[in-house]
Amino acid sequence: RGKAGFLGIGAELARVRVSRLGGGSARGDADAGEQSAASVANAAVGRILEAAGVNVTRTLRSAHDPEAGGPVIDLSGEDSGLLIGRRGQTLQALQFLVTLIVRKKLGEDVRVVLDVENYRQRRENSLRDMAAKVATRVAQTNRSITLEPMPPADRRIIHTSLAEHPGVRTESAGEGENRKVTIIPRRD
Numbered sequence: 008r009g010k011a012g013f014l015g016i017g018a019e020l021a022r023v024r025v026s027r028l029g030g031g032s033a034r035g036d037a038d039a040g041e042q043s044a045a046s047v048a049n050a051a052v053g054r055i056l057e058a059a060g061v062n063v064t065r066t067l068r069s070a071h072d073p074e075a076g077g078p079v080i081d082l083s084g085e086d087s088g089l090l091i092g093r094r095g096q097t098l099q100a101l102q103f104l105v106t107l108i109v110r111k112k113l114g115e116d117v118r119v120v121l122d123v124e125n126y127r128q129r130r131e132n133s134l135r136d137m138a139a140k141v142a143t144r145v146a147q148t149n150r151s152i153t154l155e156p157m158p159p160a161d162r163r164i165i166h167t168s169l170a171e172h173p174g175v176r177t178e179s180a181g182e183g184e185n186r187k188v189t190i191i192p193r194r195d
């Protein structure tokens, strides 16, 4: 039994004994070697969405997409808009959680990709269009423009779409969630 102490002074750690109910193994009842990343991911998504009360249909687009590094699962239905969130943050968080579950269950380095009614392709097209417009403005005005903070996947799209642009170059700066892309005129 631990003690909180007063303002942290005199605190003692508690010892906790944990045991699994029902005697199941830590890896689950089914042998993880017999399960694929796609089936584990699909089941995890189903359990999470059911617990959240979100009504969507899951479709396995690819059991192992080489570009994605794992299974790609499409989600669609009347509640699908709830899963995207502001600029895809909810979708990104759900994808992260499912990827963690799959990695823990299978012990493999797998990356699960979740997509809601082709949101990822629409977002990529939108980012590429925005990058092209900003690059044109930077090249014309000869002044750098810093974009709003964005997640790594979005920054990667900006960098790759402007990598071959003759008039600009890109740099990322900042820490964590405040990391931004700056589009800079080339002065060669």
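Under my numbering, read the sequence shown as residues 8 to 195, first letter to last. For glycine and all other residues, C-beta sits at the position ideal for the given N, C-alpha and C. Since the model is a prediction, treat every value here as computed from it, not as a measurement.
Residue i to residue j, Cα distance in whole Å?
i      : j      : result
GLY58  : ILE91  : It should be noted that the sequence gives Ala, not Gly, for residue 58. Looking at the two C-alpha atoms, the distance is approximately 17 Å.
ASP116 : ALA100 : 18 Å
LEU67  : ASN49  : 8 Å
MET157 : THR189 : 12 Å
VAL52  : ARG118 : 14 Å
ARG34  : LEU107 : Below a pLDDT of 50, predicted positions are generally treated as unreliable, and ARG34, at 41, falls in that range; no measurement from the model is reported.
GLN102 : GLY95  : 10 Å
ASN185 : THR143 : 25 Å
ASN125 : SER83  : 9 Å
PRO159 : THR177 : 14 Å
ARG110 : VAL47  : 10 Å
GLY114 : LEU56  : 23 Å
Count the other CB atoms, across all protein chains shown, that sit within 10 Å of the CB of residue i; report buried if there are 16 or more and exposed otherwise.
i      : result
THR122 : Just to set this straight, residue 122 is Asp in the shown sequence, not Thr. Classification of ASP122: buried, given that the 10 Å Cβ count is 16 or more.
PRO78  : buried
ASP81  : buried
ALA45  : buried
ALA170 : exposed
ARG129 : exposed
Would you kindly check if the distance between the Cβ of residue j and the Cβ of residue i is under 8 Å?
i      : j      : result
LYS112 : LEU154 : no
SER151 : ARG162 : no
VAL145 : VAL175 : yes
ASP86  : VAL120 : no
ILE165 : ALA139 : no
ALA70  : SER43  : yes
LEU89  : VAL61  : yes
How close, in whole Å, do the beta carbons of residue i and residue j come, if the pair is a contact with beta carbons under 8 Å?
i      : j      : result
ASN149 : PRO192 : 5 Å
GLN135 : SER168 : What sits at residue 135 in the sequence shown is Arg, not Gln. That pair is a contact at about 5 Å.
Under the criterion of a Cβ to heavy atom distance below 7 Å, does residue i qualify as lining the ligand NAP?
i      : result
ARG186 : Absence of the ligand NAP from the depicted structure is noted, as is the absence of any ligand whatsoever, leaving it without description.
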